[in-house]
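Visitor: I have a structure I would like to understand better, so I am pasting it below and will then ask my questions one at a time.
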Amino acid sequence: MKLDTLKHGFDRTTMPAGPLVDYWSPAVIDTLSRQDWALTDVRDRLDLAAWQAATTDLPRDPYVNRRWKRMSWLALDERGEMQAMGHCPMAQGGAFNEAESMADRLRYYAPLTDAFLARPDVKAFVKAWARLWELQANEPILMQITGVRGEGRVDPLQGQGIHADGCKALSIMVVTRENVAGADNHLYADKAGTRRLTDAILAPGDILHLRDDRLFHSVDGIAQQDPGAPFERFIVIINSRFVDDFQNRILRRHFPDAVLNETR
């Protein structure tokens with residue numbers, strides 16, 4: 001593992017993941033601008049093995065069976081540095097989350113660990129992601145590590161199907177994918193799913209950017225590729241500029257000075 005982190009001549013566990021100006025290729029920025037989604041990878045930008053290690057101590061999700069999760073609210077300060085904003089629950093209105101266990105309720109999760117957030121490659125990733133979406137200082141960014149593991153078959157969306165998350169800026173990065181059959185990602189131009197835009201099987205390190213207020217997405221159910229071993233799939237979800245009034249009300253309550261994308 002240590003040799004892998006040194007393959008580019010430096011130790012990615014201690015150094016930032018490269019200049020922010022070239023974190024995303026011009027092709028990624030252009031593609032996202034033209035078609036509202038872009039697929040790329042960040043395997044050379046971060047220490048993927050260290051991020052995978054962060055999935056091992058995730059608490060169980062108290063609202064969703066067979067899921068594990070941590071989440072934190074982050075923002076850039078006036079100097080462009082990443083800061084943890086503090087505690088605020090996750091909130092999705094029924095218009096954006098149709099699962100009975102999650103819609104129209106406040107959900108409380110353990111935060112991402114201090115050790116993880118202190119990593120230079122995590123800070124560089126969040127800063128570069130915010131620059132990609134042209135976020136201002138003090139705009140709340142929700143970053144989650146979440147996923148499923150086990151045997152049999154599981155719906156990672158818990159019945160949400162084709163949906164939007166209730167924001168303008170959304171990216172999904174696969175961290176681990178082991179013994180997984182299924183979990184294909186799909187993008188659509190409509191919620192009914194009649195206008196499919198693309199299908200993709202994301203490998204660890206792949207990241208899908210999408211304008212969540214213009215597109216809809218889904219992911220297939222997960223089963224074991226080898227019936228004799230458990231499966232595991234964990235992802236990072238990072239999003240901002242919420243169009244969900246419920247989430248914005250909760251954000252304003254907890255972070256009165258935050259810059260919100262308020263819709264009314």
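Be aware that the sequence shown starts at 1, since it is given in the UniProt record's numbering, and climbs by one per residue.
Ideal Cβ positions, reconstructed from N, Cα and C, are used throughout, including at glycine.
What you are looking at is a predicted structure, and each value in this text was computed from that prediction instead of being measured.
(1) Could you pull the start and end residues of the beta strand (DSSP E) that residue 170 belongs to?
(2) By how many angstroms is the C-alpha of residue 252 removed from the C-alpha of residue 227?
(3) So residue 239 is in the beta strand (DSSP E); what residue range does that whole segment cover?
(4) Where does residue 217 sit, in a helix, a strand or coil, going by DSSP?
(5) Where does residue 284 land, buried or exposed, given buried means 16+ other C-beta within 10 angstroms?
(6) Run the CB neighbour count on residue 166, radius 10 Å, all protein chains shown included, and call it buried at 16 or more, exposed below.
(7) Considering Cα atoms alone, identify which of 118, 171 and 140 is closest to residue 257.
(8) Within 10 angstroms of its Cβ, does residue 221 collect 16 or more other Cβ (buried), or is it exposed?
(9) Indicate the three-state DSSP secondary structure (helix, strand or coil) for residue 110 in the structure shown.
(10) Would you identify the three-state DSSP class for residue 248, choosing helix, strand or coil?
(11) Where does residue 254 sit, in a helix, a strand or coil, going by DSSP?
(12) How far does the alpha helix (DSSP H) with residue 274 in it reach, from first residue to last?
(13) Any contact of the stretch 63-80 with the stretch 209-221, i.e. 3+ C-beta pairs under 8 angstroms?
Guide: On the basis of the data shown:
(1) The continuous beta strand (DSSP E) containing residue 170 extends over residues 167-178.
(2) C-alpha separation (whole angstroms): 47 angstroms.
(3) Judged by DSSP secondary structure, residue 239 falls within the beta strand (DSSP E) whose first and last residues are 231-242.
(4) Residue 217 falls in the strand class under three-state DSSP.
(5) Residue 284 lies beyond the range of the chain shown here (1 to 264); nothing can be said about it.
(6) Within a 10 Å sphere around the beta-carbon of residue 166 sit 16 or more other beta-carbons, which makes this residue buried.
(7) Residue 257 has its Cα closest to that of 140, out of 118, 171 and 140.
(8) So residue 221 ends up on the exposed side.
(9) In the structure shown, residue 110 sits in coil (DSSP, three-state: anything other than H, G, I, E or B).
(10) Here residue 248 sits in helix by DSSP.
(11) The answer is helix: DSSP assigns residue 254 an H, G or I state.
(12) Within the shown structure, residues of the chain are numbered from 1 to 264, placing residue 274 beyond reach of any answer.
(13) Contact fails: fewer than three Cβ-Cβ distances are below 8 angstroms.
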